[in-house]
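Down below is the structure, laid out as structure tokens.
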Amino acid sequence: MNHPLKIAVIGGGAAGFFSAVTAKRNFPEAEVTIYEKSQKVLSKVKISGGGRCNVTNHCFDTDELAKNYPRGEQFLRKAFKQFSVQDTIDWYESRGVKLVTLPDNCMFPRSDSSQTIIDCLMEEAIQLNVEIKIQMPILGMEKKADYFELTTATEKITADRVILTVGGIPKRSGMEWILKAGCEMINPVPSLFTFNMPNHPVTELMGVVVEQTESKIEREKLVANGPLLVTHWGMSGPSVLKLSAWGARLLAERNYEFNLLVNWVNGKKEEEIRAMLQSLAQGEHGAKKVGNLNPFGISRRMWQFICDRLGFSEELRWNELGKKNLNKLVNQLINDTYPVSGKTTFKEEFVTAGGVALKQVDVNTMQHKQMEGLFFAGEVLDIDGITGGFNFQAAWTTGFIAGKHVGK
Ligand SMILES: Cc1cc2nc3c(=O)[nH]c(=O)nc-3n(C[C@H](O)[C@H](O)[C@H](O)COP(=O)(O)OP(=O)(O)OC[C@H]3O[C@@H](n4cnc5c(N)ncnc54)[C@H](O)[C@@H]3O)c2cc1C
0 MNHPLKIAVI GGGAAGFFSA VTAKRNFPEA EVTIYEKSQK VLSKVKISGG
50 GRCNVTNHCF DTDELAKNYP RGEQFLRKAF KQFSVQDTID WYESRGVKLV
100 TLPDNCMFPR SDSSQTIIDC LMEEAIQLNV EIKIQMPILG MEKKADYFEL
150 TTATEKITAD RVILTVGGIP KRSGMEWILK AGCEMINPVP SLFTFNMPNH
200 PVTELMGVVV EQTESKIERE KLVANGPLLV THWGMSGPSV LKLSAWGARL
250 LAERNYEFNL LVNWVNGKKE EEIRAMLQSL AQGEHGAKKV GNLNPFGISR
300 RMWQFICDRL GFSEELRWNE LGKKNLNKLV NQLINDTYPV SGKTTFKEEF
350 VTAGGVALKQ VDVNTMQHKQ MEGLFFAGEV LDIDGITGGF NFQAAWTTGF
400 IAGKHVGK
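Numbering follows numbering that gives the first Met the number 0, with no gaps: position 349 of the sequence shown is 348.
Rendered as structure tokens:
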């Protein structure tokens with residue numbers, strides 16, 4: 000080759016920028032160009048985390064970290080050894096961006112603005128001379144003998160190496176040009192959504208949060224813990240979002256029609272709850288009204304809703320509950336059933352499960368195992384995480400590895 004190595008990065012998102020700047024730092028002689036189809040680069044970073052950008056998660060054990068990815072866990076366990084959460088923190092900090100950790104372990108820029116991350120990535124790209132071409136959708140890609148030919152609406156571009164970072168592709172039709180180029184793709188389904196419960200009376204409790212719940216999909220092994228939020232449409236909050244991610248494929252097959260079983264008391268078992276309620280009924284607070292006192296710290300509105308559903312009168316006192324009602328209450332607390340019909344996007348914060356099949360990607364380099372010179376990073380891979388900064392961490396990690404090896 001008697002020209003500088005030409006590296007084409009397809010897609011100007013988090014993974015595209017991270018792989019491009021890493022490539023240029025490792026192979027300064029190479030010409031690195033980002034091709035972005037829209038008018039703006041890094042547009043998802045801009046809107047991420049409600050405009051604050053949840054950059055990563057305060058989880059330093061790579062095995063534990065990998066457990067937050069319904070798709071890609073095994074693959075990322077190895078990838079994180081090359082670029083971990085600590086590396087992300089150091090990378091940004093060494094460029095003047097301090098990340099802070101919130102009580103739920105989510106990490107944001109201290110500025111609380113996603114623009115800080117955009118500015119940092121842009122400055123790095125400009126300083127390193129990465130070329131950025133906007134409004135340049137790549138429509139086709141063909142591997143020739145020792146280079147790639149990329150097709151745009153108006154021209155053919157050649158590149159020695161390609162890093163594909165086009166993000167999640169929500170429809171199979173959008174994957175056609177990548178399939179045609181010879182990549183195996185896993186069918187896309189949405190992940191991270193909330194559950195609709197049309198016309199269910201629980202929606203009148205919109206805004207109520209129960210902090211410690213355990214949710215399950217009926218007749219499935221899927222279980223998730225965490226706060227549950229009642230919304231105008233049904234249910235959301237971390238426990239529901241986790242279920243939507245782990246069950247993304249299964250719930251799509253069921254056309255989002257299933258029963259959700261909620262344990263309102265943090266997964267506590269029947270016997271423990273029965274014992275707690277019995278001692279309350281027989282103890283010094285036995286004369287108090289059931290609707291006014293619960294020993295579990297469940298929000299008052301939700302507790303009263305549970306009691307109403309069981310047909311308890313407002314005047315019913317703990318010491319009048321009786322065995323039958325006690326059993327009904329125990330069952331309602333551990334197995335409260337809600338029919339789900341449909342889904343809603345969570346604050347528009349969805350990700351796509353599916354994408355480039357991982358078995359054809361070498362985790363040590365992010366290179367296609369058969370098609371030399373083609374690399375991948377970010378959500379285009381069949382990798383997705385739950386909420387909490389995990390999706391960006393996967394983009395930084397895979398982007399870094401691709402950029403580090405693309406020029407070799
Ligand atoms: C509203 C919202 C909020 C989010 N908040 C967070 C958060 O706080 N923390 C977190 O970890 N994750 C968050 N996510 C998920 C996260 O944004 C994505 O996982 C991440 O952006 C993936 O990065 P990527 O570079 O792979 O893809 P993208 O960011 O989607 O970038 C892909 C780019 O490729 C371009 N492109 C696509 N096709 C072509 C083509 N043919 N030719 C040229 N260019 C093309 C696209 O226009 C886009 O700019 C959020 C997602 C959404 C939707």
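Glycine included, every Cβ here is placed at the ideal spot set by N, Cα and C.
Look at C182 here: in three-state DSSP terms it is coil, with no helix or strand label. Not one heavy atom of ligand 1 lies closer than 7 Å to the C-beta of K45. Looking at the backbone, the Cα of F82 and that of I400 are separated by about 7 Å. H231 counts as exposed, since fewer than 16 other C-beta atoms from the protein chains shown sit within 10 angstroms of its C-beta. Between I272 and L332, the gap from beta carbon to beta carbon is short of 8 Å. Counting along the chain, the unbroken beta strand (DSSP E) around T157 starts and ends at K155 to A158. Along the length of the stretch 82 to 162, whole alpha helix (DSSP H) runs at least 4 residues long occupy 84 to 92 and 113 to 126, reported in chain order. With a 10 Å radius around the Cβ and a threshold of 16 neighbouring Cβ atoms, D335 comes out buried.
Of the candidates V339, R51, N25 and F295, the residue whose Cα lies closest to the Cα of I116 is R51. If you check the CB distance, F349 and P189 come in under 8 Å. Comparing C-alpha distances from N198 to each of F26, K45, G341 and E28 shows the shortest one belongs to G341.
In this structure M106 touches N53 by the C-beta definition: roughly 7 Å separates them, less than 8 Å. The beta carbon of I385 sits no closer than 7 Å to any heavy atom of ligand 1. Here V362 carries a coil assignment [DSSP, helix/strand/coil]. Partner residues in the beta bridge of E256, as assigned by DSSP, are S340. Taking the CA atoms as reference points, G387 sits about 6 Å from N56.
Ranked by Cα distance from N326, the options T212, L149, L292 and M275 are led by M275. A residue is called buried once 16 or more other Cβ atoms fall within 10 Å of its Cβ, and L101, having fewer, is exposed.
By the criterion of a C-beta distance shorter than 7 Å, M140 is surrounded in its chain by F147, L149, V161, W176 and A180, once the five residues flanking it on both sides are discounted. Between Q392 and T87, the gap from beta carbon to beta carbon is short of 8 Å.
Counting along the chain, the unbroken beta strand (DSSP E) around K5 starts and ends at K5 to I9.
With a threshold of 7 Å, the Cβ atom of T150 does not count as near ligand 1, since no heavy atom of the ligand is closer than that. Around the beta carbon of E63, fewer than 16 other beta carbons sit within 10 angstroms, so the residue counts as exposed.
Partner residues in the beta bridge of P189, as assigned by DSSP, are T351. For A244, the enclosing alpha helix (DSSP H) stretches over residues P237 to W245. For V222 and T212, the gap between their C-alpha atoms comes out near 10 Å. Rounded to whole angstroms, the gap between the alpha carbons of N224 and F79 is 25 Å. Pairing L328 with L309 gives a Cβ-Cβ distance under 8 Å.
In this structure, the straight-line span from the alpha carbon of C58 to that of I9 is close to 30 Å.
Per DSSP, reduced to three states, the secondary structure at T396 is helical.
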